[in-house]
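Q: Under this note's numbering, the first residue of the sequence shown is numbered 51, with each subsequent residue one higher.
Mind looking over this structure? Questions follow.
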Amino acid sequence: METRRNVKPAPPALAHLPDNLIVFDGICVLCSGFARFVARHDRTAGFRFVDAHSDIGQALYRHHGLDPQKMETNIVICRGRAYTKMASFTAAMKSLGWPWKALTVLDLLPRRLADWTYDRIAQNRYRLGRRTCPLPSAALKERLLD
C-alpha cells in the first residue's frame, strides 16, 4: 500500500471537511497522544481532528481504501494530500514548523523500512501505551469534529 496518496474528490457527505485533518484512533494512547501533541504545537491551529471510530472517521478510512476495522494508521491530510503510516507522521511534523519540522529527516529512510517500523508500532500500540487514555486536551477538544 502506498503511504502517500492523492486525495480523491470527496463524496458529498465528506465535502464539508477542512483541508488539514488528522484521523486518529481515539482509544489508542499513542494515537491520541500524537493528536494532542499536534494540537498543542500547531501554532496556526490549522489542523482539525477526527476520531477514527466516528462515522466521519470510518467514512474517511473507506474513502482512502483503508480497512476501518483495523485503524493501524493515522490519516493526515495536508493541503489536499492524504498521508498514511510514517508519511502521516512526517507530514504533520512538517506542518508544525521548527523545531518539529526537523523530524522530517525520517523521510530519508527507505519507505519500506519506515513503514515496516510504523507497522510494528501500530500492531503493538495498545501494549506500548498506558492502560488508560487521558481525556482530550482543551486544544484538541475545540478542534475535534463529530
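Glycine included, C-beta positions come from ideal geometry on N, C-alpha and C.
Small disclaimer: the values here were computed from a predicted structure and weren't measured.
Excluding five sequence neighbours on each side, which residues of the same chain lie with their C-beta closer than 6 Å to the C-beta of I127?
A: Within the sequence shown, the letter at position 77 stands for residue 127. Counting only Cβ-Cβ distances below 6 Å, and skipping sequence neighbours, we find L71.
Q: Mind reading off the beta-carbon distance from T154 to K135? Whole number of angstroms is fine, and I expect it under 8 Å.
A: In the sequence shown, the residue the question calls residue 154 occupies position 104. In the sequence shown, the residue the question calls residue 135 occupies position 85. At roughly 14 Å, the Cβ-Cβ gap does not stay under 8 Å, so T154 and K135 are not in contact.
Q: Can you list the beta strand (DSSP E) stretches of 3 or more residues lying completely in the segment 61-116, in chain order?
A: Counting whole runs of 3 or more residues, the segment 61-116 contains the beta strand (DSSP E) stretches 71-74, 98-101.
Q: By the three-class DSSP mapping on this structure, what secondary structure does T140 have?
A: Taking the first residue of the sequence shown as 1, we reach residue 140 at position 90. Reduced to three states, the DSSP call for T140 is helix.
Q: Output the distance between the C-alpha atoms of T140 and A109, rounded to the nearest integer angstrom.
A: Against the sequence shown, residue 140 aligns to sequence position 90. Against the sequence shown, residue 109 aligns to sequence position 59. Approximately 23 Å between the Cα atoms of the pair.
Q: Just the Cα atoms here: how many angstroms apart are R131 and A137?
A: As a first step, residue 131 is located in the sequence shown; it is residue number 81 there, counting from the start. As a first step, residue 137 is located in the sequence shown; it is residue number 87 there, counting from the start. Going by the C-alpha atoms only, they are around 11 Å apart.
Q: So, helix, strand or coil for R170, using DSSP?
A: Taking the first residue of the sequence shown as 1, we reach residue 170 at position 120. R170: helix per DSSP, three-state reduction.
Q: Rounded C-beta distance between A102 and V73? I'm assuming under 8 Å.
A: To locate residue 102, count along the sequence shown from 1; it is residue 52. To locate residue 73, count along the sequence shown from 1; it is residue 23. Right, the Cβ-Cβ distance comes to about 5 Å (below 8 Å), so this counts as a contact.
Q: In angstroms, rounded to a whole number, what distance separates the CA positions of T94 and C81?
A: Along the sequence shown, read from residue 1 onward, the residue named residue 94 stands at position 44. Along the sequence shown, read from residue 1 onward, the residue named residue 81 stands at position 31. The alpha-carbon atoms of T94 and C81 are separated by roughly 21 Å.
Q: Which same chain residues end up closer than 6 Å to G96 when comparing Cβ atoms and leaving out the 5 residues on each side of it in sequence?
A: Here residue 96 refers to the residue found at position 46 of the sequence shown. If we look at G96 and ignore the five residues flanking it on each side, its Cβ neighbours are N70.
Q: Using beta-carbon positions only, say whether P68 and R98 come within less than 8 Å of one another.
A: Position 18 of the sequence shown holds residue 68. Position 48 of the sequence shown holds residue 98. Contact flag set, yes.
Q: Sort out for me which residues DSSP pairs T154 with in a bridge.
A: Counted from its first residue, the sequence shown places residue 154 at position 104. BP columns for T154 are empty, so no partner.
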